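When you read off a place in the sequence shown, starting at 1, and then add 15, the result is the number in the numbering used here.
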Amino acid sequence: MAAKKKETAPEEGREEKIAEETPEAEVVETSAAPEAEVLPTADELLRAEKEKYLRLAAEYDNYRKRSQKEREALYTDIRVSTVNEFLPVYDNLERALRQETADEAFKKGVEMTMQGFTACLEKLGVHVFGDVGEAFDPNIHNAIMHCEDETLGENVIAEVFQKGFILGERVIRFAMVKVAN
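Written out as structure tokens, the structure reads:
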């Protein structure tokens, strides 16, 4: 029996050697398989990074456009605010022009001041509106009175109490008018 044990012992050693060799072969096979998987994974990673880059570029572009719009809106708000502060001066010059005076030099000076002021407003992009005979537009005119006038058509401005001012599409001040029905 001892001889049998000795005989089986070498067989067990051989089996262990075979078992040891087999995992190495499997290791080689499994290491070859991940290399094939790495290439598609690298492509997927590259694709994912490209998508991240495109999203980041689009986000930056949107940020740049939004900032530009905010800057333009702020610039417009500042111009509107500034012009709004000068409107009482315009009204006073307009009242001064309506007054009769014997001093022609004084009247000429007020006219020139009004022309210069109006030119400055135009350079800023501000337009004056609300003249007698214009069609009434409730979006830019404020009707404070109505009258019956056969000579004027319907919804036509009969009298202007205060001129209106507009910057682009933004109304700075509505014109206060009397409208003919």
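Where a beta carbon is used, it is the ideal one built from N, C-alpha and C, also for glycine. These figures come from a predicted structure and were not determined experimentally.
query	result
So, are the CB atoms of Val-171 and Phe-144 less than 8 Å apart?	no
Within the same chain, show all residues whose beta-carbon is closer than 7 Å to that of Gly-140, passing over the 5 residues directly before and after it, in chain order.	Leu-182, Gly-183
Are the Cβ atoms of Ile-187 and Val-98 separated by less than 8 Å?	yes
Note the first and the last residue of the continuous beta strand (DSSP E) segment covering Leu-182.	179 to 182
From the DSSP secondary-structure annotation, give me the bridge partner or partners of Phe-144.	Gly-179
How far does the beta strand (DSSP E) with Ala-195 in it extend, from its first residue to its last?	190 to 195
Tell me which residue opens and which closes the alpha helix (DSSP H) that Ala-134 is part of.	119 to 138
Of the residues Arg-113, Ala-158, Lys-84, which one's Cα is nearest the Cα of Glu-126?	Arg-113
Could you check the C-alpha separation between Phe-132 and Asn-107 for me, to the nearest Å?	12 Å
Please classify His-156 as buried or exposed, where buried requires at least 16 neighbouring CB atoms within 10 angstroms.	buried
Let's test the definition: count the other Cβ atoms within 10 Å of the Cβ of Ala-117 and tell me whether it reaches 16, buried, or not, exposed.	exposed
With the cut-off set at 8 Å, would you say Glu-174 and Val-147 are in Cβ contact?	yes
Which class does Ile-187 belong to by DSSP, given the choice of helix, strand or coil?	strand
Using the rule of at least 16 other Cβ atoms within 10 Å of the residue's Cβ for burial, across every protein chain shown, is Leu-71 buried or exposed?	exposed
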